[in-house]
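Asks: Chains A and B, in that order, are what the protein sequence lines are.
Start counting at 1 in the first sequence, then tack on 25, and there's your number in my numbering.
Start counting at 1 in the second sequence, then tack on 25, and there's your number in my numbering.
Note that CB positions come from ideal geometry on N, CA and C, so glycine has one too.
2 protein chains.
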Amino acid sequence: MTVAAAARAAKSGEDAGGLSEGMLGGLLGYRLRRAQLKVFEDFLASFAPLGLKPAQFSALVLIAANPGRSQREIAAALGIQRPNFVAMMDEFERRALARRHRSQTDRRSHALALTEAGEALLRQGRTIVAAHEARIAARLNETERAELMRLLALLGPAAAD
Amino acid sequence: MTVAAAARAAKSGEDAGGLSEGMLGGLLGYRLRRAQLKVFEDFLASFAPLGLKPAQFSALVLIAANPGRSQREIAAALGIQRPNFVAMMDEFERRALARRHRSQTDRRSHALALTEAGEALLRQGRTIVAAHEARIAARLNETERAELMRLLALLGPAAAD
DNA sequence: TATTGTTATACTCTATAACTATA
DNA sequence: TATAGTTATAGAGTATAACAATA
C-alpha cells in the first residue's frame, strides 16, 4: 500500500485487508504485543546463525555482567522460573558457552560464568544486536528512539516506593 | 526501594537484586518484552472475571467491528494461524458469545458474528480494558501516552511502500 | 487446481509440585 | 526448617501437513 493509503487506513482504523481494528488500535497492550512480535521475528532471524534465541542471549549477557551469581539470581532477574533455567544452563554447558562452578561459601548454589567461547559468541552477538536494533528502529530518529526507551522503562519495571 | 535508590540503580544499570543489566537495558527488544509481560499480567488479572484472555478479547473486538468476515480474515488480522483459531471459535460458540453462519456467496467459508451475549460481554470488556489501560499507563501523562502509542505504531506494522 | 475450515500433531514456553543436598 | 538445584509433568501458545467440501 502507498504511504497515503496507509495514512487513510490508519485514520479509519483499517488494516491492509480492509478490516477495521475497532478499538484495538487505541490500546497500549495491543500495540505493545504487535510491536514485540515483529521485533522478536527480526531477532530470531538475526541470531539464527549464532544459534541463540532472545532468552538465551539475555541470559549470556546477564551472566557476563554478573559472574559468580547463582542460577536463582540470574533466572529471577530474567523473569524465568528456576526449573526452566536448568535446561538452558545444560545447553550452555553442552555447547561450552558457560560453566557451573560450586560456590565456595554455599555448596548448594552454582556460581555461573561464561567460558572463553561464550565470551567470543557474546562479542559476535553484540555486533548482531546492534544491527538488529538499528533495523527495528529504522523509522525512528535518535530522539524518538530515546523517548521510546524512556517511556517503556516507565511502563516496565515495578513501581518505586 | 526508594525513588533515589531506583534512580541510582537505573544509572548504574542495576536492578533491585543488585545485578547489573549489562547492555540489556539499552535494547528496545528487551524493554518491549518486559513491558509487555507486565501489561499482560495486569490484563489477565483484570479479565479473569470475564473469562477472557488477551487473544480472545482481541478476537471478539475484531468480529464485532467486522461482522460477516471469515475465520481466515479474522485470524490473519490477529496474526493467528488458521488452525489455531478453530478452537477459539469452538469455545466462543460453546459459550454462546459468537456464531459461525454459512456464507451465502461461498459455502466454504463461515461468516462470523457476535451473539447478544457476546456483545454484552464485550461491553463489560470495554469498561474493564479502560481501567486496565489507565493502570498500566499510570506513570505516563496524556502527552506521553499518546507519544508512546505513536512510536509503537511506527515500530509495529509492516513498512508502507 | 486453489482455498476454507478442520484434524492431528509437534515443538516451544511457562508454571507447579516434589525430591536431594545442603544450610 | 528453609533454600538451591533438579526432575517430572502439565498446560498454554504456536507452527505445519494433510484431508473433505467447495470454488
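1. Tell me, please, which residues DSSP counts as bridged to Phe-125(A).
2. What separation, rounded to the nearest whole angstrom, lies between the Cα atoms of Gly-150(B) and Arg-160(A)?
3. Which two residues bound the contiguous alpha helix (DSSP H) that contains Asp-131(B)?
4. At a Cβ cut of 8 Å, what residues of the segment 73-88 of chain B count as close to chain A, listed as they run along the chain?
5. Are three or more beta carbon pairs between the segment 65-85 of chain A and the segment 139-159 of chain A nearer than 8 Å?
6. Are the CB atoms of Gly-181(A) and Arg-127(B) nearer to each other than 8 Å?
7. Using 8 Å as the Cβ pair cut-off and three pairs as the minimum, do the segment 43-56 of chain B and the segment 77-92 of chain A touch?
8. Which residues in the same chain as Val-64(B) place their Cβ atom closer than 8 Å to its Cβ, once the five residues preceding and following it in sequence are excluded?
9. Applying a beta-carbon distance threshold of less than 9 Å, which residues of chain B neighbour Ser-45(A)?
10. For a quick check, are the C-beta atoms of Met-113(A) and Gln-81(A) less than 8 Å apart?
11. Would you report the Cα separation of Ala-118(A) and Gly-104(A), rounded to the nearest angstrom?
12. Under 7 Å Cβ-Cβ, which residues of chain A neighbour Gly-143(B)?
13. I'd like to check one pair, Leu-122(A) with Leu-137(A): are the Cβ atoms closer than 8 Å?
14. For the candidate residues Leu-179(B), Met-174(B), Leu-165(B), Glu-169(B), whose alpha-carbon lies nearest to that of Ala-163(A)?
15. Would you say Ala-60(B) reaches chain A, if we count a Cβ-Cβ gap shorter than 8 Å as a contact?
16. Starting from Gln-61(A) and walking both ways along the alpha helix (DSSP H), at which residues does that stretch end?
17. Write down the C-beta distance between Phe-68(B) and Gly-54(A) rounded to the nearest angstrom, noting that I regard them as a contact closer than 8 Å.
18. Note down the Cα distance separating Ala-145(B) from Arg-124(A), rounded to an integer number of angstroms.
19. Anything in chain A within Cβ reach of Glu-116(B), meaning under 8 Å, just list it in chain order.
20. Considering only C-alpha positions, which residue in the set Arg-59(A), Ile-99(A), Gly-43(A), Pro-79(A) is nearest to Val-154(A)?
21. With DSSP collapsed to three states, give me the class of Gly-93(A).
22. Residues in the segment 146-165 of chain A with C-beta within 9 Å of chain B's C-beta atoms, listed in sequence order?
23. For a test of the three-state rule: what should DSSP assign to Asn-109(B), helix, strand or coil?
24. Kindly list, in the order they appear in chain A, the residues whose Cβ is closer than 8 Å to that of Val-111(B).
25. So Leu-236(A) is in the alpha helix (DSSP H); what residue range does that whole segment cover?
Replies: With the structure as the only source:
1. Note on identity: in this sequence residue 125(A) is Arg, with Phe being the wrong assignment. In the DSSP output, where bridge partners are listed per residue, Arg-125(A) has Leu-137(A).
2. 36 Å
3. Asp-131(B) -> no alpha helix (DSSP H), and no H or E assigned at all.
4. Pro-79, Ser-83, Val-86, Leu-87
5. yes
6. no
7. yes
8. Ile-161
9. Leu-87, Ala-90, Asn-91
10. yes
11. The sequence given here places Glu at residue 118(A); Ala does not occur at that position. Cα to Cα, Glu-118(A) sits roughly 21 Å from Gly-104(A).
12. Per Cβ cutoff of 7 Å: no residues; Gly-143(B) is ~13 Å from chain A at best.
13. no
14. Leu-179(B)
15. yes
16. 53-72
17. 6 Å
18. 56 Å
19. Residues of chain A passing the Cβ test: none, with the nearest at roughly 20 Å.
20. Pro-79(A)
21. coil
22. Arg-151, Val-154, His-157, Glu-158, Ile-161, Ala-162, Ala-163, Arg-164, Leu-165
23. helix
24. Simply none; closest approach about 19 Å.
25. Outside the shown range of chain A, which is 26 to 186, sits residue 236(A), and nothing can be said about it.
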